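First residue of the sequence shown? That's 0 in numbering that gives the first Met the number 0, and the numbers climb one at a time after it.
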Amino acid sequence: MDHKELFDETALECSKLITQRYSTSFTLGIRTLHKELHMPIYAIYGFVRYADEIVDTFHDKDKQALLNAFREDTYRAIREGISLNPVLHAFQLIVNKYHIERELIDAFLTSMEMDLDFTRYNDSKYQEYIYGSAEVVGLMCLRVFCKGNRETYDRLKGAACKLGAAFQKVNFLRDLKSDFEERGRVYFPGVEFENFTSAVKSEIEADIERDFDAALIGIHQLPDGAMLGVKIAYLYYRKLFSKIKGLPPEVITRERIRIPNGRKMALLLRTYFGYKTGLG
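In structure tokens, the structure reads:
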């Protein structure tokens with residue numbers, strides 16, 4: 000291995016470590032992808048995770064300045080094919096290899112910037128935020144899964160967007176309390192935290208169900224190396240969603256809902272062996 004290969008590999012390993020530290024469920028899903036897909040998806044996760052950290056964590060810093068610098072450094076890394084920031088170097092490797100469009104990256108970073116300015120979202124801003132924060136991440140991953148096959152990518156784009164949207168909306172329900180109390184945010188249009196009723200909750204849940212149903216059709220058409228990992232992520236979020244649906248609104252506004260790691264692992268194993276035996 001020459002020094003350039005070592006530099007690339009080390010950068011990718013940094014994104015892998017970030018994924019493992021920040022998301023148990025995402026890490027479990029990646030492990031069931033074909034091995035050649037692991038590092039590209041780790042690289043995408045590392046990039047979106049660190050951008051999200053800028054807007055959600057560093058409250059004593061100038062977040063706008065940090066995000067501006069992150070944006071500039073991202074595009075410089077992609078343009079020049081190198082960065083001394085290992086997260087951005089890993090990401091540019093994948094962007095350039097799989098021809099991930101700048102429009103997707105622009106939309107993602109714009110949604111991150113919206114978190115600096117918006118605490119309440121109307122319908123159009125909500126849809127814009129969902130697209131940029133979640134749907135485009137699914138499209139980046141789909142670029143990797145399709146390995147340059149434009150026909151497959153175009154056919155599955157809609158389902159990938161629906162899956163990303165479903166995941167994000169479940170996250171919004173899961174994090175309703177912390178988003179409001181720690182950041183003053185309520186993402187769902189027209190929803191007041193202090194008046195989060197059963198009727199409001201049911202309406203949101205029906206919307207998420209529609210997204211999940213549309214997404215599942217596309218999951219079953221994914222290339223073999225990607226389908227199992229995505230299916231596991233889907234089933235994990237469905238499990239989390241089912242738990243949230245079974246709880247009254249006052250619980251959602253009082254605590255963050257979780258799936259214990261042991262149950263996550265059991266879900267992974269059941270899905271894996273069901274898939275291998277043709278039952279999944």
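Glycine included, every Cβ here is placed at the ideal spot set by N, Cα and C.
Predicted, not measured: the structure shown is a model, and the values here were computed from it.
Which residues does DSSP pair with residue i in a beta bridge?
i: V185; result: R119
Is there at least one non-hydrogen atom of the ligand SAM closer than 7 Å to the beta-carbon of residue i?
i: R255; result: Although the ligand SAM was asked about, the structure shown includes no ligands whatsoever.
So residue i and residue j are supposed to be a Cβ contact under 8 Å. How far apart are they, rounded?
i: K244; j: E204; result: 6 Å
i: P288; j: K200; result: With the chain running from 0 to 279 in the structure shown, residue 288 is simply not present.
i: I29; j: G228; result: 6 Å
i: T23; j: Y41; result: Their Cβ separation, rounded to whole angstroms, is 14 Å, which puts T23 and Y41 out of contact at 8 Å.
i: D174; j: R253; result: Between R253 and D174 the Cβ distance is about 13 Å, and since that is not below 8 Å, they are no contact.
i: P188; j: Y120; result: 6 Å
i: Q167; j: A198; result: That belief does not hold up - the Cβ atoms of Q167 and A198 are roughly 22 Å apart, past 8 Å.
What's the C-alpha gap between residue i and residue j?
i: V136; j: D122; result: 21 Å
i: P222; j: F144; result: 7 Å
i: P39; j: F90; result: 8 Å
i: V185; j: I104; result: 24 Å
i: K34; j: N194; result: 47 Å
i: D1; j: R237; result: 44 Å
i: D114; j: D59; result: 16 Å
i: V54; j: T118; result: 13 Å
i: V47; j: H98; result: 17 Å
i: R154; j: V169; result: 25 Å
i: L278; j: G131; result: For L278, the predicted model reports a pLDDT of 49, less than 50, meaning its position is unreliable; a value from the coordinates is still stated below. Between L278 and G131, the C-alpha separation is close to 35 Å.
i: Y125; j: F6; result: 39 Å
i: Q63; j: E4; result: 34 Å
i: A232; j: F211; result: 12 Å
i: L16; j: K96; result: 21 Å
i: R70; j: K230; result: 32 Å
i: R20; j: D206; result: 31 Å
i: I251; j: G183; result: 16 Å
i: K146; j: S241; result: 33 Å
i: E181; j: D116; result: 15 Å
i: L11; j: V190; result: 40 Å
i: R75; j: T151; result: 30 Å
i: R101; j: A213; result: 26 Å
i: R209; j: Q220; result: 18 Å
Determine the contact status of residue i and residue j, defining contact as a CB-CB distance below 8 Å.
i: V94; j: C13; result: no
i: M111; j: L66; result: yes
i: L141; j: A165; result: no
i: L234; j: I258; result: no
i: F171; j: F192; result: no
i: I81; j: H88; result: yes
i: F25; j: Y44; result: yes
i: A322; j: L27; result: Residue 322 is absent from the model: the chain starts at 0 and stops at 279.
i: L306; j: A50; result: As shown, the chain starts at 0 and ends at 279. That puts residue 306 outside it, with no answer to give.
Going residue by residue through the stretch 132-192, where are the continuous alpha helix (DSSP H) segments of at least 4 residues, counting only ones entirely within it? 135-145, 149-173 and 175-182
Entirely enclosed beta strand (DSSP E) segments - the stretch 204-257, minimum 3 residues: none
Would you mind listing the alpha helix (DSSP H) stretches within the stretch 33-77 that are 4+ residues and don't spill past its ends, in chain order? 34-55
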